[in-house]
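Asks: Our numbering numbers the first residue of the sequence shown as 465 and each following residue consecutively. By construction, the Cβ of each residue, glycine as well, lies at the ideal position given by its N, Cα and C atoms.
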Amino acid sequence: ALRAMIRHCSPLLRPARRGYSLAGSSRGVALSRLLEGTKVVELASVLAGPSVTQFLAELGATVIKVENPTTKGDVTRTWRLPSEPVSDVTAYFSCCNMNKSSIAVDVREPKGLKLVQDLACNSDIVIASYKPGDAEKFGLDFATLQARKPSLIYGQITGYGFDDPRAGYDAIMQAEAGFQCMNGFPHSPPVKMPVAIVDLMAAHQLKEAVLASLLRRERTGEGAFVSVSLLGAAVASLANQGTSWTIAGNIPQRTGSEHPSIVPYSTVFEDKN
Numbered sequence: 465a466l467r468a469m470i471r472h473c474s475p476l477l478r479p480a481r482r483g484y485s486l487a488g489s490s491r492g493v494a495l496s497r498l499l500e501g502t503k504v505v506e507l508a509s510v511l512a513g514p515s516v517t518q519f520l521a522e523l524g525a526t527v528i529k530v531e532n533p534t535t536k537g538d539v540t541r542t543w544r545l546p547s548e549p550v551s552d553v554t555a556y557f558s559c560c561n562m563n564k565s566s567i568a569v570d571v572r573e574p575k576g577l578k579l580v581q582d583l584a585c586n587s588d589i590v591i592a593s594y595k596p597g598d599a600e601k602f603g604l605d606f607a608t609l610q611a612r613k614p615s616l617i618y619g620q621i622t623g624y625g626f627d628d629p630r631a632g633y634d635a636i637m638q639a640e641a642g643f644q645c646m647n648g649f650p651h652s653p654p655v656k657m658p659v660a661i662v663d664l665m666a667a668h669q670l671k672e673a674v675l676a677s678l679l680r681r682e683r684t685g686e687g688a689f690v691s692v693s694l695l696g697a698a699v700a701s702l703a704n705q706g707t708s709w710t711i712a713g714n715i716p717q718r719t720g721s722e723h724p725s726i727v728p729y730s731t732v733f734e735d736k737n
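1) CA-CA distance, residue 610 and residue 567?
2) So for residue 618, helix, strand or coil by DSSP?
3) With DSSP run on the structure shown, which of helix, strand or coil describes residue 531?
4) What residue does the beta strand (DSSP E) around residue 590 start on, and which one ends it?
5) I want to know whether the region 650-664 touches the region 583-592 - three or more CB-CB distances under 8 Å.
6) Looking at the secondary structure, which residues open and close the alpha helix (DSSP H) in which residue 580 lies?
7) How many angstroms separate the CA atom of residue 657 from the CA atom of residue 640?
8) Considering just the uninterrupted stretch of the alpha helix (DSSP H) at residue 743, what are its terminal residues?
9) Touch check for the region 670-682 and the region 718-730: three-plus C-beta pairs under 8 Å?
10) Less than 6 Å between C-beta atoms, sequence neighbours within five positions excluded: which residues of the same chain meet that for residue 700?
11) Could you tell me whether the Cβ atoms of residue 507 and residue 592 are closer together than 7 Å?
12) Distance check for residue 628 and residue 710, CA to CA, integer angstroms please.
13) Report all residues from its chain with a CB closer than 6 Å to the CB of residue 529; omit the five preceding and five following residues, and keep chain order.
14) Any idea which residues DSSP pairs residue 526 with across the strands?
15) Can the beta-carbon of residue 542 be found less than 7 Å from the beta-carbon of residue 556?
16) Is the beta carbon of residue 693 closer than 7 Å to that of residue 622?
17) For the beta strand (DSSP E) containing residue 565, name the first residue and the last one.
18) Starting from residue 637, follow the alpha helix (DSSP H) in both directions and report where the run begins and ends.
19) The alpha helix (DSSP H) with residue 676 in it runs from where to where?
20) Using a Cβ-Cβ cut-off of 8 Å (strictly less than) and excluding sequence neighbours within five positions of residue 504, which residues of its own chain qualify?
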């Protein structure tokens with residue numbers, strides 16, 4: 465039934481590239497099959513949500529990425545380096561969309577919405593990155609889907625949690641959580657990390673919640689709703705810099721490669737070679 469729905473969904477976007485999953489060791493091969501038979505539907509875009517589903521795909525899950533045909537799919541299909549050839553599978557898109565299949569469906573159309581709802585209810589896991597309230601507008605929220613499939617595991621990423629409707633953007637989160645303030649040298653202005661680190665941290669946290677929910681479902685048969693906010697993930701990842709304030713009252717400063725508590729540590733220097 466799942467294959468039939470995918471085959472008859474039109475138009476089809478180019479499937480994400482197949483890639484190697486985990487290490488090539490005997491143990492790695494076993495891990496790459498850990499989630500074989502597990503079906504995942506991705507209702508997410510850009511980096512955080514797609515990173516979660518790519519990880520599940522690397523463990524052997526079957527991942528179907530639902531993309532919006534009115535925007536020509538995931539926006540990262542157009543995030544292209546000047547040196548890249550013209551293609552809808554860009555370097556950015558490829559970093560978090562390997563080992564998946566993609567379908568283009570407009571959920572604002574009744575037929576499209578029904579197809580995605582059926583697809584989700586024939587799956588084990590749904591990963592979504594809607595702003596608070598948007599999933600409910602489309603009938604793609606956890607309550608609606610779980611009513612049809614009680615064992616469904618639904619993971620959602622928001623910007624600021626469910627009480628704040630704002631969209632979340634990694635660069636803003638890095639500033640609001642303090643990462644930019646800590647990054648750089650004492651004489652330099654705040655510096656953004658060169659990768660979307662908050663998106664990636666949120667993805668790892670949601671991934672862990674999904675895996676824990678799968679284990680719980682194996683024991684109880686029950687589904688679960690799990691969520692993470694970008695801001696929450698960022699603040700939780702401040703680690704010792706965060707507790708430096710809560711315990712010692714110290715406001716973290718920009719110190720380049722130096723460590724606030726350990727000497728020597730990470731000092732960058734040139735040797736004779």
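Replies: Based on what the coordinates show:
1) Take the alpha-carbon of residue 610 and the one of residue 567: they are about 22 Å apart.
2) Here residue 618 carries a strand assignment [DSSP, helix/strand/coil].
3) It is a strand residue.
4) From DSSP, the beta strand (DSSP E) with residue 590 extends over 589-592.
5) No, the region 650-664 is not in contact with the region 583-592.
6) In this chain, the alpha helix (DSSP H) harbouring residue 580 covers 574-585.
7) Using only the alpha carbons, I get a separation of about 13 Å.
8) The chain is shown only over 465 to 737; residue 743 falls outside these bounds and no answer can be derived.
9) Pairwise C-beta distances place the region 670-682 out of contact with the region 718-730, as fewer than three of them are shorter than 8 Å.
10) By the criterion of a C-beta distance shorter than 6 Å, residue 700 is surrounded by no residue of its chain, once the five residues flanking it on both sides are discounted.
11) Yes, Cβ-Cβ distance for residue 507 and residue 592 is below 7 Å.
12) So the two alpha carbons sit approximately 25 Å from each other.
13) 506, 564, 566, listed in sequence order.
14) According to DSSP, residue 526 bridges with 503.
15) Cβ distance not < 7 Å, so residue 542 and residue 556 don't count as in contact.
16) Going by C-beta atoms, residue 622 is nearer than 7 Å to residue 693.
17) Here the beta strand (DSSP E) through residue 565 covers 565-568.
18) If you look at residue 637, you'll find it in the alpha helix (DSSP H) that goes 634-641.
19) It spans 661-684 - the alpha helix (DSSP H) in which residue 676 sits, taken as one unbroken run.
20) Residues 517, 520, 521, 525, 526, 527, 528, 587, 588, 589, 590, 591 of the same chain have their beta carbon placed closer than 8 Å to that of residue 504, with the five preceding and five following residues left out of the count.
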